[in-house]
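A.B. asks:
There are 2 protein chains.
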Amino acid sequence: MQEKVLELLESRKLSELKVMLSEENPTDIVSYLENIPQNELILVFRILPKELAAETFVEMDSDMQMLLISAFSDKELRDVLSELFVDDAVDIIEEMPASVAKRIIRQADAQTRKDINLILAYPDDSAGSIMTTEYIALKRDMTVESAFVKIRSVGLDKETIYTCYVTDSRRRLIGVVTAKDLLLSAPEQTIGEIMEENVIFSFTTDDKEDVIQTFEKYDMLALPVVDTENRLIGIITVDDIIDVIQEENTEDIEKMAAISPSDKTYLKTGIFETVKSRIPWLVILMLSCTFTGWIIGAFESALAVQTALIAFIPMIMNTGGNSGSQTSVTVIRALSLGDIAFKDVFKVFFKEFRVSLICGAILSVTNYLKILLLDILILGENITNTVALVVSFTIFATVIFAKIVGCLLPIGAKKIGLDPAVMASPFITTLVDAVSLLIYFTIASALLSL
Amino acid sequence: MQEKVLELLESRKLSELKVMLSEENPTDIVSYLENIPQNELILVFRILPKELAAETFVEMDSDMQMLLISAFSDKELRDVLSELFVDDAVDIIEEMPASVAKRIIRQADAQTRKDINLILAYPDDSAGSIMTTEYIALKRDMTVESAFVKIRSVGLDKETIYTCYVTDSRRRLIGVVTAKDLLLSAPEQTIGEIMEENVIFSFTTDDKEDVIQTFEKYDMLALPVVDTENRLIGIITVDDIIDVIQEENTEDIEKMAAISPSDKTYLKTGIFETVKSRIPWLVILMLSCTFTGWIIGAFESALAVQTALIAFIPMIMNTGGNSGSQTSVTVIRALSLGDIAFKDVFKVFFKEFRVSLICGAILSVTNYLKILLLDILILGENITNTVALVVSFTIFATVIFAKIVGCLLPIGAKKIGLDPAVMASPFITTLVDAVSLLIYFTIASALLSL
Numbered sequence: 002m003q004e005k006v007l008e009l010l011e012s013r014k015l016s017e018l019k020v021m022l023s024e025e026n027p028t029d030i031v032s033y034l035e036n037i038p039q040n041e042l043i044l045v046f047r048i049l050p051k052e053l054a055a056e057t058f059v060e061m062d063s064d065m066q067m068l069l070i071s072a073f074s075d076k077e078l079r080d081v082l083s084e085l086f087v088d089d090a091v092d093i094i095e096e097m098p099a100s101v102a103k104r105i106i107r108q109a110d111a112q113t114r115k116d117i118n119l120i121l122a123y124p125d126d127s128a129g130s131i132m133t134t135e136y137i138a139l140k141r142d143m144t145v146e147s148a149f150v151k152i153r154s155v156g157l158d159k160e161t162i163y164t165c166y167v168t169d170s171r172r173r174l175i176g177v178v179t180a181k182d183l184l185l186s187a188p189e190q191t192i193g194e195i196m197e198e199n200v201i202f203s204f205t206t207d208d209k210e211d212v213i214q215t216f217e218k219y220d221m222l223a224l225p226v227v228d229t230e231n232r233l234i235g236i237i238t239v240d241d242i243i244d245v246i247q248e249e250n251t252e253d254i255e256k257m258a259a260i261s262p263s264d265k266t267y268l269k270t271g272i273f274e275t276v277k278s279r280i281p282w283l284v285i286l287m288l289s290c291t292f293t294g295w296i297i298g299a300f301e302s303a304l305a306v307q308t309a310l311i312a313f314i315p316m317i318m319n320t321g322g323n324s325g326s327q328t329s330v331t332v333i334r335a336l337s338l339g340d341i342a343f344k345d346v347f348k349v350f351f352k353e354f355r356v357s358l359i360c361g362a363i364l365s366v367t368n369y370l371k372i373l374l375l376d377i378l379i380l381g382e383n384i385t386n387t388v389a390l391v392v393s394f395t396i397f398a399t400v401i402f403a404k405i406v407g408c409l410l411p412i413g414a415k416k417i418g419l420d421p422a423v424m425a426s427p428f429i430t431t432l433v434d435a436v437s438l439l440i441y442f443t444i445a446s447a448l449l450s451l
Numbered sequence: 002m003q004e005k006v007l008e009l010l011e012s013r014k015l016s017e018l019k020v021m022l023s024e025e026n027p028t029d030i031v032s033y034l035e036n037i038p039q040n041e042l043i044l045v046f047r048i049l050p051k052e053l054a055a056e057t058f059v060e061m062d063s064d065m066q067m068l069l070i071s072a073f074s075d076k077e078l079r080d081v082l083s084e085l086f087v088d089d090a091v092d093i094i095e096e097m098p099a100s101v102a103k104r105i106i107r108q109a110d111a112q113t114r115k116d117i118n119l120i121l122a123y124p125d126d127s128a129g130s131i132m133t134t135e136y137i138a139l140k141r142d143m144t145v146e147s148a149f150v151k152i153r154s155v156g157l158d159k160e161t162i163y164t165c166y167v168t169d170s171r172r173r174l175i176g177v178v179t180a181k182d183l184l185l186s187a188p189e190q191t192i193g194e195i196m197e198e199n200v201i202f203s204f205t206t207d208d209k210e211d212v213i214q215t216f217e218k219y220d221m222l223a224l225p226v227v228d229t230e231n232r233l234i235g236i237i238t239v240d241d242i243i244d245v246i247q248e249e250n251t252e253d254i255e256k257m258a259a260i261s262p263s264d265k266t267y268l269k270t271g272i273f274e275t276v277k278s279r280i281p282w283l284v285i286l287m288l289s290c291t292f293t294g295w296i297i298g299a300f301e302s303a304l305a306v307q308t309a310l311i312a313f314i315p316m317i318m319n320t321g322g323n324s325g326s327q328t329s330v331t332v333i334r335a336l337s338l339g340d341i342a343f344k345d346v347f348k349v350f351f352k353e354f355r356v357s358l359i360c361g362a363i364l365s366v367t368n369y370l371k372i373l374l375l376d377i378l379i380l381g382e383n384i385t386n387t388v389a390l391v392v393s394f395t396i397f398a399t400v401i402f403a404k405i406v407g408c409l410l411p412i413g414a415k416k417i418g419l420d421p422a423v424m425a426s427p428f429i430t431t432l433v434d435a436v437s438l439l440i441y442f443t444i445a446s447a448l449l450s451l
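In order, the protein sequences belong to chains H and P.
Start counting the first sequence at 2; every next residue gets the next number (this note's numbering).
Start counting the second sequence at 2; every next residue gets the next number (this note's numbering).
#1: Do you know whose CA, among Thr251(H), Pro38(H), Arg334(H) and Ile242(H), lies nearest aspartate 264(P)'s CA?
#2: List the residues of chain H whose Cβ lies closer than 7 Å to the Cβ of arginine 1(P), in chain order.
#3: Report the neighbours of leucine 268(H) on chain P: residues whose CB is nearer than 9 Å to its CB, in chain order.
#4: Grouping DSSP H, G and I as helix and E and B as strand, with all else coil, what is alanine 259(H)?
#5: Along chain P, in chain order, which residues have C-beta atoms closer than 7 Å to that of glutamine 327(H)?
#6: If we cut at 8 Å on Cβ distances, does leucine 1(P) have a partner in chain H?
#7: Run the CB neighbour count on isoleucine 417(P), radius 10 Å, all protein chains shown included, and call it buried at 16 or more, exposed below.
#8: Restricting to runs no shorter than 4 residues, where is the alpha helix (DSSP H) found entirely within the segment 199-240 of chain P?
#9: Please state whether the Cβ-Cβ distance between leucine 44(P) and leucine 22(P) is less than 8 Å.
#10: Would you say asparagine 36(H) reaches chain P, if we count a Cβ-Cβ gap shorter than 8 Å as a contact?
#11: Could you give the DSSP three-state label for arginine 173(H): helix, strand or coil?
#12: Taking just the CA atoms, how far does valine 150(H) sit from valine 332(H)?
#13: With a Cβ-Cβ cutoff of 8 Å, do leucine 288(P) and threonine 320(P) count as a contact?
#14: Using 10 angstroms around the beta-carbon of glutamate 217(H), count the other beta-carbons present and answer buried if the total reaches 16, otherwise exposed.
#15: Please go through the same chain and pick out, in chain order, the residues whose beta-carbon is closer than 7 Å to the beta-carbon of aspartate 509(H), but skip the five residues on each side of it.
#16: How about methionine 65(H): is its C-beta nearer than 8 Å to some C-beta of chain B?
#17: Going straight from the alpha carbon of aspartate 158(H) to that of alanine 55(H), what length do you get?
#18: Between Leu373(P), Arg171(P) and Glu252(P), which has its C-alpha nearest isoleucine 421(P)'s C-alpha?
#19: Quick check for students: name the residue ranges of the beta strand (DSSP E) that lie wholly in the segment 288-318 of chain H, counting only runs of 3 or more.
#20: At the 8 Å Cβ level, is cysteine 165(P) part of the contact set with chain H, yes or no?
#21: Looking at the unbroken beta strand (DSSP E) that takes in tyrosine 136(P), where does it start and where does it end?
#22: Would you list the one or two residues that DSSP bridges to threonine 191(P)?
#23: Please list, in chain order, the chain H residues whose beta carbon lies closer than 8 Å to that of asparagine 368(P).
#24: Quick one: what's threonine 399(H) bridged to in DSSP?
#25: For serine 393(P) and glutamine 327(H), what's the separation of their Cα atoms in angstroms?
#26: Under a Cβ-count criterion, where at least 16 other Cβ atoms within 10 Å of its own Cβ denotes burial, should glutamate 189(H) be classed as buried or exposed?
#27: Based on the DSSP output, what are the partners of glutamate 197(P) in its beta bridges?
#28: Three-state secondary structure (DSSP) at threonine 385(P)?
#29: Under 9 Å Cβ-Cβ, which residues of chain H neighbour serine 324(P)?
#30: Report yes or no: is there a C-beta of chain P within less than 8 Å of the C-beta of lysine 115(H)?
#31: Using a Cβ cut-off of 9 Å, pull out every chain H residue sitting near glutamine 247(P), in sequence order please.
#32: Going by beta-carbon coordinates alone, are arginine 232(P) and arginine 172(P) separated by less than 8 Å?
#33: Please classify methionine 2(P): is it buried, with 16 or more other beta-carbons within 10 angstroms of its beta-carbon, or exposed?
#34: Could you please give me the residues that DSSP links to tyrosine 166(P) through a beta bridge?
#35: Quick check: alanine 312(P) and isoleucine 297(H), are their CB atoms within less than 8 Å of each other?
#36: List, in order along the chain, the chain H residues whose C-beta lies closer than 8 Å to that of leucine 184(P)?
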């Protein structure tokens, strides 16, 4: 398809191109337009029907949008803006450099400008920042028939027509009516009769993660967002929430791997940006290994005598790290899905403690047998039974410590308002490394009288 | 609320309880019913209006559902089944022991039984397994008015009425019409005139991850699922896709942390089940550390002479592991979001190579300065400049190796049909550990002539 677009463009068969693209989906059109030079891009954009052009614009990445905006006349920019939903306009503005953002806001009409500034004012991770202000509001005493008249007249410019909100004279949210309810009711019934009064809603200041959990829990197509006085301010639609879910998941996964989250896709992120998102944690974690270095340093002379102990250091550290990250990652995910909360801390602790006893026992026995059978019996290595016991005891204690730390740190972080996701593998590994070495050398000193 | 339910139940004020619960949301009703004994549970369930009862049943976890099913008469089971959507019935059946599953299927009517068996037959990770068969099908020559008549007559039993599918005489999918299109069109227009012919669809055999990507890409409320002959078999609705997204994300995160995925929530998973999902990888990873042990063992006598080298082992392994897991996790996520594919392997490799050069350089210089200034100058430790250089060179080389392995392994795994997520931190850490020690001792042997 992309070749065909380029071909028609080069041979300047624009009316043919127009007919072809008009049949296409905005998302697909964007993919045909990748890597087209700016002057050709604006040419294609100008031949698209107005609404399709705006929908296509929304699907573009910010680089392509910026290229177009700089080629737009003020009138063209106004035309595109007038077709956009406010939340999409806000998303675009947020990605633009300040000068471009200002130009966009200047070209919006008064009402849109007000709405854009309203949404921009909410904190980044709040429900308010992801809502849109284009919803259908009905009144309690309207009939179903007049509701349809209203939907037909304003529906084209609303983000969804499938969920309508019922507000009172002071714009307070008093009910919700779905298009399904309307279609299945008699024309003369009033909205007040058929509306659902038990409305599920979010506050503008609620956290995005809570909004996600509400969508998951109640299977909704749109969620109304109200202010502290229960006035309807905006709605969040399910298609936007899917993007938010994926963003939040990517962010959590990145944090768990000690990466500062970025909102660009992998191939769009430059080398230096990638380095910037990765190097701080690498440096911090590397420097914090100074402690493990000191611990080993303190036992250096003992290790020089019992050199067999050295070979087990990586295994002990790894097993501790893996045990801890299994627990921390599970707990972080359960916190983020709302499966557990701070009040469950004792339940979680007790569960992880029992799991760690069993895992620790299995691992330490496996390890003891492995040293006895493989290392000593088959390979004939010079390892005493006492060393094998020291290593096995250490594994048992380390697994217990790792799993307890792995569950308590994320829950504690959440409690004091930190993001639990940073308490994942890399952080816990570094902590567990140091403690597991301390356990190792303490047990070794006791049993081997070093 | 839960107390109030219990109170009304104990004082047997059932009609009052019925009125109260009828106003409530199914999801909330389930939360009030937690920890209620079986005989009380069935009592509450019996007073709920039929449709609400079925909706509440769907929201319960499988334990509560099983409790109810065992208390149901065959007629009650049939009544609930007749109110369920087929995809929900399938979800329930999949969680039940075989005997209960059989009883459910036996009580379903012939058509439902056929649909249930159809969906059950698709592989677990396919589009077919998450679709439902209750959609609204329209014909090309129907008018908008008659479409509304059809929607009003069958709409109540369809999973969505907002997207209708146009099929030909052989049930092949030829178009799609939204309720919005219908509402905004004149009653006498035909479906053929207003339908969108460029339909986005999935095949029954498509992977769930591809379905997720399609929803994300095209912002849809429902996706039609067709067989190889383009016949419409079912649809997937957006509320179900949100659950699938969260499940897939949890699964990926668990795999990345070396946990076998489970589909129960954290607190619902028993101790032994948790152990079972964690211990295999812990044992495998622990045993694979045998190699690192051997590498250290081979250099034991050299380490006994140059004991200063031992203290840096944890730091080198950690830094390598963190560098590798940053890359692998980023690449795994990009693969799962569809941001990169196998064809991008050279782009990804080249990017990670450049990133690793910069990260490696920064880390090794930082480390060199830290040893010189902190360890030697301030703490007066007995570390020679050559040792500091050995450690710094090792870090540089290890970071490059870790990042390259971290990007190539997940892409390679995907290519040969394995899940890239298992190529994350724990696996890569173990590999990077062994190689980093080899690098360390090779450089040390050369520079320190061990």
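For glycine and all other residues, C-beta sits at the position ideal for the given N, C-alpha and C.
C.D. replies: Put simply:
#1: When only C-alpha atoms are compared, the closest one is Arg334(H).
#2: Because chain P here runs from 2 to 451, residue 1(P) falls outside it and cannot be looked at.
#3: Residues of chain P passing the Cβ test: Ala335, Asp340, Ile341, Asp345, Lys348, Val349 and Lys352.
#4: Coil at alanine 259(H), not helix or strand.
#5: The answer, in chain order, is Ala258, Ala259, Ile260 and Arg279.
#6: The structure shown does not extend to residue 1(P), since chain P is modelled only from 2 to 451, so the question has no answer here.
#7: Exposed: under 16 other Cβ atoms inside 10 Å.
#8: The qualifying runs are 209-219.
#9: No, the pair does not count as a contact, with Cβ atoms beyond the cut-off.
#10: Among the CB atoms of chain P, none fall inside 8 Å of the CB of asparagine 36(H).
#11: It is a strand residue.
#12: Cα to Cα, valine 332(H) sits roughly 51 Å from valine 150(H).
#13: In this structure, threonine 320(P) does not lie closer than 8 Å to leucine 288(P) by Cβ.
#14: When all chains shown are included, glutamate 217(H) counts as buried.
#15: Nothing about residue 509(H) can be read from this structure; chain H reaches only from 2 to 451.
#16: Checking the listed chains, one finds no chain B in this structure; the protein chains it contains are H and P.
#17: Taking the straight line joining both Cα atoms gives about 12 Å.
#18: The question names isoleucine, but residue 421(P) is proline in the sequence shown. The shortest C-alpha separation from proline 421(P) is found at Glu252(P).
#19: Qualifying beta strand (DSSP E) stretches: none in this window.
#20: Chain H contact via Cβ: absent.
#21: No beta strand (DSSP E) holds tyrosine 136(P); DSSP gives it neither H nor E.
#22: DSSP output for threonine 191(P) lists Thr144(P) as bridge partner(s).
#23: Residues of chain H passing the Cβ test: Met287.
#24: Answer by DSSP bridge pairing: none, since threonine 399(H) is not bridged.
#25: Spanning the alpha carbons of serine 393(P) and glutamine 327(H) requires a straight line of approximately 31 Å.
#26: Exposed.
#27: Its beta-bridge partners are Val177(P).
#28: Under the three-state reduction of DSSP output, threonine 385(P) falls in the coil class, being neither helix nor strand.
#29: Within chain H, the residues near serine 324(P) are Arg279 and Leu283.
#30: Not closer than 8 Å to any Cβ of chain P, the Cβ of lysine 115(H) fails to qualify, so no.
#31: Within chain H, the C-beta atoms nearer than 9 Å to that of glutamine 247(P) come from Ile213, Glu217, Ile246, Asn250 and Leu338, in chain order.
#32: Cβ atoms of arginine 232(P) and arginine 172(P): closer than 8 Å.
#33: Residue burial is scored here from C-beta neighbours: methionine 2(P) has fewer than 16 other C-beta atoms within 10 angstroms and is therefore classed as exposed.
#34: According to DSSP, which records beta bridges pairwise, tyrosine 166(P) is partnered with Ala138(P) and Val177(P).
#35: Inclusion of alanine 312(P) and isoleucine 297(H) in the CB contact set at 8 Å is warranted, their separation being smaller than that value.
#36: Counting only Cβ-Cβ distances below 8 Å, leucine 184(P) has contacts in chain H at Phe149, Ile152, Arg153, Gly156, Ile162 and Ala180, in chain order.
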